[in-house]
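Just so you know, numbering that gives the first Met the number 0 puts the end of the sequence shown at 312, numbered straight through with nothing missing.
Structure record follows, encoded as structure tokens.
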Amino acid sequence: MSRRKTERLLNLVICLLATHRPLSAEQIRQAVPGYDPDNDEAFQRMFERDKNELREIGIPIDVHKDPWDDDPGYRIVRESYELPEITLEHDEAAVIGLAAQVWQRASLAEAASGALLKLRAGGVRADLSPSPLELRVDTRDPAFPPLWEAVRDRRAVTFGYRRAAGESVLTRTVEPWGVVSRRGRWYVVGHDRDRGASRVFRLGRIVGTVTPIGRPGSVIVPEGVDLRAMVGFQEMGVERTALVRVRRGTCLGLRRAAQELRPGPDGWDEAELTFSDPEWLAGWIASLGSDAVVVGPPDAREAVIRRLKGALQ
């Protein structure tokens, strides 16, 4: 929308709110800057468009027909335009304040702080009392902001996705329904156009740029879909056993988690660990540095090598 049109619409709203009696189209034409004072037909077309646009965004313009006048009058009744008083219970205000604290350092920090500021300006107390606990949501995945915007705008996206087994990257076209956090990881849930079915994608495996496609509003979220249940089901993979070589005298946490631990050659022990997600196992083993080496299975070993190469780069 151009600046000139925005100013004209704003002036029209102010004019119709300020008047105590309905104004005719001609009176509005003279009072609101931006309308053509000479061309009647151009003014009528522009005025009709402006009324329709204001009504589409929820601004109620009342039309009054006086039997003594030929032309109708227009005004905005203040009571039908203004928002009602905002009242929140103590627990509701606490939830809002908590949500703002959670997103304080994440990509939604600006929106959360702005919402909290508006509530305070309206007289709503949404602060939490000081607490030794500090809540944070970690959204360092680069794919989070564009996916969140795509969910908000109901718009499809395309992105590169690295499979759990191996280093191959496939292009996926997805209609996102929501972004969900579970056990410290972020997932996007939606309809995979390439497979023709609903799928769950982990943000940590998205490679490159998330590109929106299609028109906003084109994605329809199915009624009653349980995003968290879908993510939970996705995480329930088949458990397997990994063989890990562990340097003696190190990795106490890994040793405690091992299903079996036996002495190995050359100052190393061999540990058997159960896992279902190679990427999760790779993140743990890579954090132990040179004190732990995955022997197998191959996809878990490749996932660790990929992590270490990424850290080196």
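Virtual Cβ for every residue (Gly too), placed ideally from N, Cα, C.
How should R3 be labelled, buried or exposed, when 16 other C-beta atoms within 10 angstroms of its C-beta is the threshold for buried?
Per the 10 Å Cβ criterion, exposed.
When we look at the beta-carbon of P175 and count the other beta-carbons within 10 Å, is it buried (16 or more) or exposed?
Buried is the call here.
Between R306 and A281, which are expected to be in contact by the criterion C-beta below 8 Å, what is the C-beta distance as a whole number of angstroms?
Confirmed, Cβ separation roughly 5 Å.
What is the residue span of the alpha helix (DSSP H) that S197 lies within?
That residue, S197, is in no alpha helix (DSSP H); its beta strand (DSSP E) goes 196 to 201.
When you compare only the Cα positions, how much space is there between V243 and A291?
Roughly 7 Å between the two C-alpha positions.
Could you tell me the distance, in whole angstroms, from the CA atom of P167 to the CA atom of V178?
Looking at the sequence shown, residue 167 is not Pro but Ser. Answer to the nearest angstrom: the Cα atoms are 24 Å apart.
Since Y160 and R171 are thought to touch, with beta carbons under 8 Å apart, how far apart are those beta carbons, to the nearest angstrom?
Rounded, the Cβ-Cβ distance is 5 Å, consistent with contact.
Going by alpha carbons, who is nearest to V12 out of P221, T240, D140, I58?
Minimum Cα distance to V12 is reached at I58.
With a threshold of 16 other CB atoms inside 10 Å of the CB of E40, please say whether the residue is buried or exposed.
When all chains shown are included, E40 counts as exposed.
Look up C14 in the DSSP assignment and say whether it is helix, strand or coil.
Helix.
Check D70 in the structure and name its three-state DSSP category.
In this structure, D70 counts as coil in the three-state DSSP scheme.
Counting only runs that start and end within the region 266 to 302, where is the alpha helix (DSSP H) found for 4 or more residues in a row?
As far as the region 266 to 302 is concerned, its whole alpha helix (DSSP H) runs of at least 4 residues are 277 to 286.
Measure the alpha-carbon distance for Y34 versus E6 and round it to whole angstroms.
Taking the straight line joining both Cα atoms gives about 11 Å.
Do S197 and M229 have their C-beta atoms closer together than 8 Å?
Contact flag set, yes.
Starting from D180, follow the beta strand (DSSP E) in both directions and report where the run begins and ends.
First, the residue type needs correcting, since residue 180 is Ser and not Asp in the sequence shown. First-last of the beta strand (DSSP E) with S180: 168 to 181.
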